[in-house]
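Asker: Pasting a structure here, questions to come.
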Amino acid sequence: MKQILLAAAVAAALSGFAGCQQSGTPTVETFEAPVQDALVEAKTVLQRYADGSPVTSEAEGFANLAQRVKEKDPAKGEILDKGLAEIKANPNIAKAKAAELLKKL
Numbered sequence: 008m009k010q011i012l013l014a015a016a017v018a019a020a021l022s023g024f025a026g027c028q029q030s031g032t033p034t035v036e037t038f039e040a041p042v043q044d045a046l047v048e049a050k051t052v053l054q055r056y057a058d059g060s061p062v063t064s065e066a067e068g069f070a071n072l073a074q075r076v077k078e079k080d081p082a083k084g085e086i087l088d089k090g091l092a093e094i095k096a097n098p099n100i101a102k103a104k105a106a107e108l109l110k111k112l
């Protein structure tokens, strides 16, 4: 009786592994994420500040953001650069300054 149970257990275990074989190598697909417009990104950040969100670690990237906007529109980039520098220097004015900057951009 023990031999029959052992044989059945081995057969069950082996049949479980039969379906685990790979049927081929999976294909690797690469996707490009769309590049976000720098001015749209700046307006999004400013809108969050205008809505009352606090200035956090994203302030460290203000110079880079302003530079990317300058590459597209130098005048708006300059306005943004000065305004973001003011916000970074004094985060307490972020709400009012952001609203002002949104009107200019």
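Numbering of the sequence shown is given in the working numbering, commencing with residue 8 and proceeding in unit increments. Just so you know, even glycine gets a beta-carbon here, dropped at the ideal spot from N, CA and C. Remember, it's a predicted structure, so these values are computed and weren't measured experimentally.
(1) So residue 75 and residue 45 are supposed to be a Cβ contact under 8 Å. How far apart are they, rounded?
(2) Quick test of your reading: residue 108 and residue 87, contact by CB under 8 Å. State the CB separation rounded to the nearest angstrom.
(3) Could you compute how far the alpha carbon of residue 40 sits from the alpha carbon of residue 79?
(4) Can you give the Cα-Cα distance for residue 89 and residue 112, rounded to whole angstroms?
(5) Find the nearest neighbour of residue 65 within the set 49, 77 and 57, judged by alpha-carbon distance.
(6) Quick check: the Cα distance between residue 147 and residue 34, rounded to an integer number of angstroms?
(7) Below 8 Å on the Cβ atoms is my guess for residue 47 versus residue 94; work out the distance and round it to an integer in Å.
(8) So, with DSSP's three-state summary, where would you put residue 44?
(9) Nearest CA to the CA of residue 52: which residue from 77, 38 and 69?
Answerer: On the basis of the data shown:
(1) 4 Å
(2) Indeed, because the Cβ distance is near 7 Å, the residues count as touching under 8 Å.
(3) For residue 40 and residue 79, the distance between alpha carbons rounds to 20 Å.
(4) C-alpha separation (whole angstroms): 13 Å.
(5) 49
(6) The displayed coordinates of the chain run from 8 to 112. Any statement about residue 147 would go beyond what the structure contains.
(7) Not really, about 18 Å apart at Cβ, beyond 8 Å.
(8) coil
(9) 69
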